[in-house]
Amino acid sequence: MEELYSFLLQKNLETSIGSASTISNIRVVEPAMYSSVPIRPNRKGLYMIAVFVGLALPMAVIFLLDYLNDKVRTRADVQKMTHAPILGEVGHSEEKGALVVTRNNRKFIAEQFRIIRSNLQYILPKTEKMVLLVTSSYSGEGKSFVSTNLGAVVALSG
347 MEELYSFLLQ KNLETSIGSA STISNIRVVE PAMYSSVPIR PNRKGLYMIA VFVGLALPMA
407 VIFLLDYLND KVRTRADVQK MTHAPILGEV GHSEEKGALV VTRNNRKFIA EQFRIIRSNL
467 QYILPKTEKM VLLVTSSYSG EGKSFVSTNL GAVVALSG
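Residue numbering for the sequence shown follows this note's numbering, beginning at 347 and increasing consecutively.
Printed below as a string of structure tokens:
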């Protein structure tokens, strides 16, 4: 154990002599200077970038969603996708009964069916037996409602 201690003591002495004799190759090229302007983020620039991204990103998402949307929601969508004439529009009815067109009913939805009837009489040829197809892509969209009221408005016109 004593030999190990003397060996380590000798190595320590050799290392301290070697480090004392080593000449450093490091020198000061120019003294350090401090900046007169504080080093911190450019707040005005960051606010401008944040406002731009805050406005541009939602607008880009809205534009992309509108561009990828293939659903028919408005009359303009139908006109853009097809060349078929549009005879009229029927709004949503909150009434419990399916029949909204009666002889003395002057509600807006009844007038919409009368406009469709007038446009049908103007566009379709005069024949005794007229067949009209009312269809939709899903159930519950109002095929029976439209058929019933369109039939009633045609029957009331004579």
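Note that CB positions come from ideal geometry on N, CA and C, so glycine has one too.
Hey, out of the options, whose CA is closest to residue i's CA?
i: Ser503; options: Val397, Leu466, Leu414 and His429; result: Leu466
i: Thr481; options: Lys475, Phe491 and Glu474; result: Phe491
i: Ile462; options: Ser362, Ser493, Leu401 and Glu360; result: Ser493
i: Ile432; options: Asn371, Leu470 and Asn358; result: Leu470
i: Asn495; options: Tyr468, Arg373 and Asn451; result: Asn451
i: Leu478; options: Gly488, Gly497 and Asp423; result: Gly497
i: Arg449; options: Met347, Met405 and Arg460; result: Arg460
i: Val499; options: Lys417, Ser464, Thr473 and Lys472; result: Ser464
i: Ala501; options: Met476, Glu441 and Ala378; result: Met476
Along the chain, where does the alpha helix (DSSP H) that runs through residue i open and close?
i: Val495; result: Before going on, a small fix: residue 495 reads as Asn here, not Val. Note, Asn495: alpha helix (DSSP H), Lys489 to Ser503.
i: Ile408; result: Arg389 to Leu414
I'd like the list of long-range same chain contacts for residue i, defined as Cβ closer than 8 Å, with 5 residues on each side in sequence excluded.
i: Gln458; result: Gly434, Glu435, Val436 and Gly437
i: Ile369; result: none
i: Ser439; result: Val446, Ile455 and Phe491
i: Met405; result: none
Return the chain-ordered list of same chain residues with a C-beta closer than 7 Å to the C-beta of residue i, the five sequence neighbours on each side being excluded.
i: Tyr484; result: none
i: Val424; result: Val418 and Ile432
Apart from the five residues on each side of it in sequence, which residues of its chain come closer than 6 Å, Cβ to Cβ, to residue i?
i: Thr428; result: none
i: Lys489; result: Val480 and Ser482
i: Ala309; result: Nothing can be reported for residue 309: it is not among the residues displayed for the chain, which extend from 347 to 504.
i: Leu401; result: none
Item to check | alpha helix (DSSP H) runs contained entirely in the stretch 418-468, provided each spans 4 or more residues | outcome: 421-427
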